[in-house]
Amino acid sequence: MASKAMPPRTMQPAAAALTRRTIIGMILAMALVESLSGVTQGYLNPILPALGPVFAIDDPAINGIFLISNVSFAVLTPIISRLGDSYGYRLVLRWSTAVVALGAFTMAFWPSLWTVTVGVVLLTCVVGFIPLMMGILRVSSPAHTRTGVSVMIGVLMITFGAGGLLAGIIGASQPTVGLWVAVPFAVAALVASFVLPDAGTPTREGLAMVPLMACSLGLIGFVVALSMGPEWGWLDARTLLAGVLGLGLLAVWARIDSRLPGAAGNARRFMDLRMLAKPRIRAVSLATFFFGFASISYFGTNGIFLHANPEKAGYGFALSSFNIAVILALGSVLSLVSSLLTARVLRSFGERATLVSAGVLLAAGFAIMALAHGSLSGYCAGFALFNLSLGMYQAGTRALSVEGVPLEETSTAAGLNELALSVGIAVGAAVVKLISSSTADGGRISEGGLFAIWGALAVAALIASAASARYPKRVTAEVPA
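Take the sequence shown: its position 396, counted from the start at 1, is 400 in the working numbering, and no numbers get skipped.
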């Protein structure tokens, strides 16, 4: 972002002029758009492994597709968010939705290894949905930003679980048929993107290519090193080269985009990292990183544990893929409930207390899973706390990530928070994979390895809670002038 100070630019009428019906309709339309994000992130998990025999590809090739997805998520997050501030939230949202819909249609109509690979990349444009819709919501009705974000996250949680469950059921006998699950959601989201109002005046500021390339290439190198380290070896030349180059380029990007005003600071920025100097933004970003580290990275281990045969592995419940999908779907219902209640909890108990509680709740979930892992009901009780925290922190951190920044930087600030989440997930997944590999016994994670994973993620959750405690004690929610 340019360093020159500029007045807030909005071209929408005052939020007070919007009727309650208009606001509700806008939030419902956003929920429809976000449902596409949830489904596309959930339905490929059960489908891609089943496509191996269909496309005659092995596990490394399937893992390669997941790697491409992880890299695309990290790279596109700041780019799409920044485009929203520059060229308009609604315009960029429509194009992003159209690209995601194209990916869903391509995979469903012409399923092949190449179309699925390309489609996975196109689907990652969903990373811009929440930052862009937060921009629309914050300009149109600032007082309803927290409520709108809570609804969007709730829909994301429930459709993530439902998407995986539907894909598993529909594609049980023929995996390629499961690719059709996202098609009706893509149509609905595309229509809803044209219902949303326009909001804000785009800055029309072009992207600064030098910091953009440093950020993008740095993220590619860093994520590739974390994802492929367990397979290549952490001391392998490829892992070290990708990791060192990635971190070096990210350091260059951070230096460029965090410059103070002055002779060198007049150059354009890709993302204004000076916003991290604000205590609330810094606290939320750090907490988001560790929340992502401690939560999303656990889903793979959760499936492995539930599917393991206790007679062979010494742990687990030998559940089928369908039963695991049911547990995930039920867990998503709890995430839906907690996310919908987050706006009220923020208002009643304060921002700091809400985020700190989410971290403690997440750590308690891992502690219960570790202590009661021999009982399905006991383990599910811990997993229930996990899902309650998941909905609470995702809604809370996203809503707070844009408070206190200029209106014209709303999407960028939200994108910075999404980037912290994505990188946290990647680092957490690498740590989980490292523990799994180092404690493997006969090709399976040992019981001691599971305790190490639960312990490491519980510690990360407590760090997220500690970071949340640095948030200013009470910040009044934004209200219309």
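Yeah, the Cβ is synthetic: ideal placement off N, Cα and C, and Gly gets one too. Treat the numbers as computed from the prediction; the structure is a model and nothing was measured.
Taking C-beta atoms as the reference points, Asn421 and Val288 count as a pair closer than 8 Å.
Counting along the chain, no alpha helix (DSSP H) covers His148, and no H or E run does either.
In the three-state reduction of the DSSP assignment, Ile285 falls in the helix class. Looking at the DSSP output, Arg351 bridges to nothing. Thr149 and Ala444 have their C-alpha atoms some 46 Å from each other. About 7 Å separates the CB atoms of Ala465 and Phe370; that is less than 8 Å, so the two are in contact.
DSSP links Ala444 through a beta bridge to Ile449. With respect to the 8 Å criterion, Gly363 and Ser472 are classified as neighbours on the basis of their beta carbons.
Using a Cβ-Cβ distance cut-off of 8 Å, the region 416–433 and the region 365–379 are not in contact, since fewer than three pairs of beta carbons, one from each stretch, lie closer than that value.
DSSP, reduced to helix, strand and coil, places Tyr93 within a helical segment of the structure shown. About 7 Å separates the Cβ atoms of Met30 and Pro201, confirming a contact at the 8 Å cut-off. In the structure shown, the three-state DSSP call for Arg474 is coil. Under the rule that a run must span 4 or more residues, the alpha helix (DSSP H) segments found entirely inside the region 191–263 read 213–236 and 241–261. With respect to the C-alpha of Pro188, the residue from Leu87, Met138, Gly233 and Gly107 having the closest C-alpha is Gly107. By the Cβ criterion, the region 110–125 is not in contact with the region 158–169, since fewer than three pairs of Cβ atoms, one from each stretch, lie closer than 8 Å.
Rounded to the nearest whole angstrom, the CA to CA distance from Lys282 to Trp184 is 45 Å.
Between Val159 and Cys129, the C-beta spacing is not below 8 Å. Proximity of the region 401–417 to the region 81–94 meets the contact definition, three or more beta-carbon pairs being nearer than 8 Å.
In the three-state DSSP reduction, His311 falls in the helix class (H, G or I). DSSP, reduced to helix, strand and coil, places Trp99 within a helical segment of the structure shown. Positions of the alpha helix (DSSP H) runs, each at least 4 residues long and wholly inside the region 39–80, are given as 48–59 in order along the chain. Under a 10 Å Cβ-count criterion, Asn313 is classified as exposed, with fewer than 16 other Cβ atoms of the shown protein chains found around its own Cβ.
For Tyr319, the secondary structure class from DSSP, reduced to helix, strand or coil, is coil.
Taking 8 Å as the cut-off, the Cβ atoms of Ile439 and Ala460 count as close.
Nearest Cα to Ile173 within the set Ala333, Arg98, Gly233 and Gly68: Ala333. In this structure, DSSP gives Ala376 a state outside helix and strand, which the three-state scheme calls coil. In this structure, the alpha-carbon of Ser342 lies about 20 Å from that of Tyr383. In summary, Pro57 is exposed, with fewer than 16 beta-carbon neighbours lying within 10 Å of its beta-carbon over all protein chains present. The three-state secondary structure of Pro115, taken from DSSP, is coil. Distances from the alpha-carbon of Ile28 to those of Glu412, Ile72, Gly152 and Met232 put Gly152 closest. In the structure shown, the three-state DSSP call for Gly408 is coil. Ser90 and Glu209 do touch by the CB rule: their CB atoms are close to 5 Å apart, below 8 Å. For Pro135, the enclosing alpha helix (DSSP H) covers residues Phe133 to Ser144. With contacts defined as CB atoms closer than 8 Å, Gly225 and Leu253 qualify as a contacting pair.
Distance from Gly296 to Leu425 at the Cβ level is roughly 4 Å; contact confirmed, criterion being Cβ atoms closer than 8 Å.
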